[in-house]
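A.B. asks:
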Amino acid sequence: MSDGFDRAMIGEECWIRSTDQTRRPLPTRRWLGTSDHADNPADQALTSCCDGPTIDLGCGPGRLVAALLRRGVVALGVDISPTAVAVTRFRGAPALHRDLYGPLPAAGRWTYALLADGNIGIGGDPLRVLARTHELLAVGGVAVVEFDRPGTGMVHRRLRVETRTSAGPWFPWAEVGIEQAAQLAAATGFRVHATAEVSGRHIAWLQRHPMDTEVLR
Ligand SMILES: C[S@@+](CC[C@H](N)C(=O)[O-])C[C@H]1O[C@@H](n2cnc3c(N)ncnc32)[C@H](O)[C@@H]1O
């Protein structure tokens, strides 16, 4: 089932509310790729290493999938939101309306997997997200993962998406500081290849171990 991000995917002004009653605006314009602030360098950093088949897990409106296709890279978006998938396809980029834990094509053969804009926090279970990403990647493949700022730790929340006129269902999410990358990687069959801060966003490149290791599930 979609988690209420649909309204954000068409650029509607949205907020994310936590059960502690804090509320912050969602970067809907950044997701659509229409914002003109300094996000392009971060988007470029997320995709620049991708020179082979790339799966974007929780692709939102598909700007990264579209950017990869423009460079001639085979790419596929996956999202649980039907609106996100429709917008991605409207851009001319392929996307599947699926849960990332459902059956996906070419499992075990992708060269890159993107977890952009905090998607390691999907479902409130970063270990499960990374273990699933490990399954999807080929040996030696790379997960490009956006974390939260250093010092965030591992914060489990229940969130919902709100607009001026509606509130979606509560769903679990995790905020994960980049300092957690090495530990999470080691627990899920990856090693940290590199990390970078770009325009205030924190990215880690996690390489799937050349040999299969026991993966935490
Ligand atoms: C924070 S947004 C990030 C969107 C996109 N990666 C970007 O950077 O623009 C999270 C996205 O993950 C999707 N999502 C959440 N849970 C999912 C799941 N289990 N499987 C696939 N997509 C999921 C949401 O619908 C939403 O589009």
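In terms of the working numbering, the sequence shown has 1020 at position 87, counting the first letter as 1, and numbering is strictly consecutive.
The beta carbon of each residue, even a glycine, is placed where N, CA and C say it ideally should be.
Owing to the predicted nature of the structure, the values given are computational and were not obtained by experimental measurement.
1. Between A911 and L1139, what straight-line distance do the alpha-carbon atoms span, to the nearest angstrom?
2. Contact between the stretch 1056 to 1070 and the stretch 1017 to 1027: three or more CB pairs below 8 Å?
3. If you measure from each residue's Cβ to the nearest non-hydrogen atom of ligand 1, which ones come out under 5 Å, in chain order?
4. First and last residue of the alpha helix (DSSP H) that includes F1113?
5. Considering only the beta carbon of each residue, do D1032 and P1105 sit closer than 9 Å?
6. Tell me which residues share the same chain as P974 and place their Cβ nearer than 7 Å to its Cβ, disregarding the 5 neighbours each side in the sequence.
7. In or out: R1134 buried (at least 16 other Cβ within 10 Å) or exposed?
8. Determine the closest residue to G1005 out of A941, E945 and T987, with distance taken between C-alpha atoms.
9. Look up S951 in the DSSP assignment and say whether it is helix, strand or coil.
10. G1101: which of I943, A1129 and W948 sits nearest, CA to CA?
11. Threshold first: 3 residues or longer. Then list the beta strand (DSSP E) segments lying entirely within the stretch 1084 to 1144, N to C.
12. Starting from F1165, trace the alpha helix (DSSP H) in both directions and tell me its first and last residue.
13. Going straight from the alpha carbon of A971 to that of T1096, what length do you get?
14. My assumption, with CB atoms under 8 Å, is that V1109 sits in contact with I1053. Please give the rounded CB distance.
15. Which value, in whole angstroms, describes the spacing of the CA atoms of A1076 and A1064?
16. Return the CA-CA distance between V1020 and T967, expressed in angstroms with no decimal places.
17. According to DSSP, is E945 part of a helix, a strand, or is it coil?
18. When the Cα atoms are used, what is the spatial distance from F938 to L1092?
19. How about D989 and V998: do their beta carbons lie closer than 9 Å?
20. Please report how far the alpha carbon of Q1113 lies from the alpha carbon of G993, in whole angstroms.
21. How would you label D953, buried or exposed, when you count the other beta carbons within 10 angstroms and need 16 or more for buried?
C.D. replies: Quick look at the numbers:
1. Residue coverage of the chain in this structure runs from 934 to 1150, which leaves residue 911 outside it and unanswerable.
2. no
3. F938, W964, G991, G993, D1012, I1013, S1014, A1017, D1032, L1033, A1049, D1050 and I1055
4. Against the sequence shown, residue 1113 aligns to sequence position 180. Checking the displayed sequence, the identity of residue 1113 turns out to be Gln instead of Phe. Counted as a single uninterrupted DSSP element, the stretch harbouring Q1113 is not any alpha helix (DSSP H), since DSSP gives it neither H nor E.
5. As a position in the sequence shown, residue 1032 is number 99, starting the count at 1. As a position in the sequence shown, residue 1105 is number 172, starting the count at 1. No.
6. Translated into positions along the sequence shown, residue 974 becomes position 41. Around P974: V1131 and S1132.
7. Locating residue 1134 in the sequence shown gives position 201, counting from the first residue. Classification of R1134: buried, given that the 10 Å Cβ count is 16 or more.
8. Residue 1005 sits at position 72 when you count from the first residue of the sequence shown. Residue T987 is the option with its Cα nearest to G1005.
9. The residue given as residue 951 occupies position 18 in the sequence shown. Strand, per DSSP.
10. To locate residue 1101, count along the sequence shown from 1; it is residue 168. When only C-alpha atoms are compared, the closest one is W948.
11. 1087 to 1095, 1104 to 1109, 1123 to 1131 and 1134 to 1141
12. Outside the displayed span of the chain (934 to 1150) sits residue 1165, for which this structure offers no information.
13. In the sequence shown, residue 971 corresponds to position 38, counting from 1. In the sequence shown, residue 1096 corresponds to position 163, counting from 1. Residue placement at A971 cannot be trusted, given a pLDDT of 46 that sits under 50; what the coordinates show is reported in the next sentence. Each residue's Cα considered, the two are about 25 Å apart.
14. Looking up residue 1109 in the sequence shown gives position 176. Looking up residue 1053 in the sequence shown gives position 120. About 5 Å separates the two Cβ atoms, so the contact holds.
15. Counted from its first residue, the sequence shown places residue 1076 at position 143. Counted from its first residue, the sequence shown places residue 1064 at position 131. If I take the Cα positions, the gap works out to 11 Å.
16. The residue you call residue 1020 lines up with position 87 of the sequence shown. The residue you call residue 967 lines up with position 34 of the sequence shown. Whole-angstrom Cα-Cα distance: 13 Å.
17. The residue labelled residue 945 in the question sits at position 12 within the sequence shown. Here E945 sits in coil by DSSP.
18. Mapped onto the sequence shown, residue 938 falls at position 5. Mapped onto the sequence shown, residue 1092 falls at position 159. Cα to Cα, F938 sits roughly 11 Å from L1092.
19. Counted from its first residue, the sequence shown places residue 989 at position 56. Counted from its first residue, the sequence shown places residue 998 at position 65. For D989 and V998, yes; Cβs fall inside 9 Å.
20. The residue given as residue 1113 occupies position 180 in the sequence shown. The residue given as residue 993 occupies position 60 in the sequence shown. For Q1113 and G993, the distance between alpha carbons rounds to 24 Å.
21. Within the sequence shown, numbered from 1, the residue matching residue 953 stands at position 20. It counts as exposed.
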